[in-house]
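K.L.:
My structure is below; once you've seen it, I'll send some questions.
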Amino acid sequence: MSNTNDHFVTESTGLLEHHPDTTTTTAKKESLEHRAPTWYWPWQPNYWAAVVAIFLIGLISGPTVSLIAPFLKELFCERGITTLFPIHNSTSILMRDIPNNEDGHCDSAEYSAAIAKFFGMSTSLAAVMTTLTVRFWSALGDRIGRKRVMQICVSGQVVSVSLCVLVRLNKDMSLYFLMVGDAIEGATGSALAYTALTHAYAADVTLPEERTIVFGRLLAGLYTGVALG
10 MSNTNDHFVT ESTGLLEHHP DTTTTTAKKE SLEHRAPTWY WPWQPNYWAA VVAIFLIGLI
70 SGPTVSLIAP FLKELFCERG ITTLFPIHNS TSILMRDIPN NEDGHCDSAE YSAAIAKFFG
130 MSTSLAAVMT TLTVRFWSAL GDRIGRKRVM QICVSGQVVS VSLCVLVRLN KDMSLYFLMV
190 GDAIEGATGS ALAYTALTHA YAADVTLPEE RTIVFGRLLA GLYTGVALG
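Mapped onto the working numbering, the consecutive letters of the sequence shown carry residue numbers 10 to 238.
Take a look at the structure:
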């Protein structure tokens with residue numbers, strides 16, 4: 010008595026060919042469908058999603074980079090230079106508010122030097138943290154998926170920008186919270202890890218012979234966003 014699920018072997022059958030039991034396979038598939046919800050997504054993975062994502066990060070980074078110097082100058086002029094960067098003038102002049110810059114101290118060489126030192130330390134801190142963590146985040150994207158790690162990277166940038174806004178609105182907050190924000194952004198990979206992950210995603214969904222053109226379009230999207238921002 011032969012079973013309806015029996016499969017006959019012929020001369021053309023592969024040595025490692027496997028014929029699963031259709032009844033068992035169907036039962037497993039139904040059980041998995043009941044265990045986890047399925048979501049409908051009408052579009053296939055495409056590298057254009059990475060181009061749009063990297064364009065948006067460039068669009069945000071453009072004004073951030075260009076406005077950081079006048080932003081720091083306004084904060085330093087309003088609240089005075091922090092004790093880490095003293096200048097040779099009296100502390101009474103430094104600690105008072107100078108919102109209108111009537112006495113010209115904000116345009117002095119001492120203020121410019123202090124702002125440059127603060128900005129240099131903040132940027133260096135973010136760069137060191139990014140260098141130490143970008144490899145970890147890139148490898149983690151291979152294990153848990155690109156999207157989740159990209160969300161972590163963007164969250165760090167959101168925290169950094171949020172601290173800048175809070176420092177600007179709250180005069181009681183120290184300017185050193187700006188460095189804390191840069192450290193958090195660097196610890197989450199910053200834009201460098203985000204860029205690496207978008208390239209990795211594009212490589213996942215394209216053929217090897219297409220990747221040169223695709224990577225060129227990614228860079229074009231990034232710098233177009235920076236220019237427009």
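Yeah, the Cβ is synthetic: ideal placement off N, Cα and C, and Gly gets one too. Keep in mind that this is a model prediction, so the values were computed, not measured.
Compare the Cα-Cα distances from R288 to each of K126, Y203, F186 and R157 and report the closest residue.
P.N.:
Nothing in the structure corresponds to residue 288, since the chain is present only between 10 and 238.
K.L.:
Name the residue from R226, L84 and G198 whose alpha carbon lies nearest to the alpha carbon of A211.
P.N.:
R226
K.L.:
Exposed or buried, which one is V61 when buried takes at least 16 other CB atoms within 10 Å?
P.N.:
exposed
K.L.:
Among the candidates L201, L178 and E87, whose CA atom is the shortest distance from the CA of G165?
P.N.:
L201
K.L.:
Please state the DSSP three-state secondary structure of L184.
P.N.:
coil
K.L.:
Counting only the same chain and skipping the five closest in sequence on each side, list residues whose C-beta sits under 6 Å from that of P72.
P.N.:
Within the same chain, P72 has close Cβ partners G238.
K.L.:
Count the CB pairs spanning the segment 213 to 226 and the segment 172 to 179 that are closer than 8 Å, and state whether there are at least three.
P.N.:
no
K.L.:
Which residues in the same chain as V158 place their Cβ atom closer than 7 Å to its Cβ, once the five residues preceding and following it in sequence are excluded?
P.N.:
W146, L149, G150 and L206
K.L.:
Could you check where the alpha helix (DSSP H) with E83 kicks off and where it finishes?
P.N.:
Y56 to R88
K.L.:
Under three-state DSSP, which class holds G238?
P.N.:
G238: coil per DSSP, three-state reduction.
K.L.:
Buried or exposed: G230, going by 16 or more other Cβ atoms within 10 Å of its Cβ?
P.N.:
buried
K.L.:
Please check the pair G239 and I77, which I expect to be a contact at CB under 8 Å, by giving their CB distance rounded to whole angstroms.
P.N.:
Past the edges of the chain, shown from 10 to 238, lies residue 239, and the structure says nothing about it.
K.L.:
Would you kindly work out how many angstroms separate the C-alpha atoms of E219 and E83, rounded to a whole number?
P.N.:
48 Å
K.L.:
Quick one: measure Cβ to Cβ for A135 and A209, integer angstroms, because I've assumed they're closer than 8 Å.
P.N.:
No, A135 and A209 are not in contact; Cβ-Cβ is about 22 Å, not under 8 Å.
K.L.:
When the distance is taken between beta carbons, is L184 closer than 8 Å to F128?
P.N.:
no
K.L.:
According to DSSP, simplified to helix, strand and coil, what is Q53?
P.N.:
If DSSP states are grouped into helix, strand and coil, Q53 belongs with coil.
K.L.:
Using only the alpha-carbon positions, how far apart do M138 and V168 sit?
P.N.:
Going from the Cα of M138 to the Cα of V168 covers about 15 Å.
K.L.:
In this structure, does DSSP put L134 in helix, strand or coil?
P.N.:
helix
K.L.:
Measuring CA to CA, which of V214, N55 and I124 is closest to G89?
P.N.:
I124
K.L.:
Between which residues of its own chain and I63 is the CB-CB distance below 6 Å, once the five residues before and five after are set aside?
P.N.:
T207, L227, G230 and L231
K.L.:
With C-beta atoms as the reference, is T142 less than 8 Å away from A196?
P.N.:
yes
K.L.:
For S117, name the three-state secondary structure that DSSP assigns.
P.N.:
Residue state, collapsed to three classes: coil.
K.L.:
So, helix, strand or coil for L227, using DSSP?
P.N.:
helix
K.L.:
Taking the alpha carbon of F85 as the reference point, which residue from R155, R152, Q160 and K180 has its own alpha carbon closest?
P.N.:
K180
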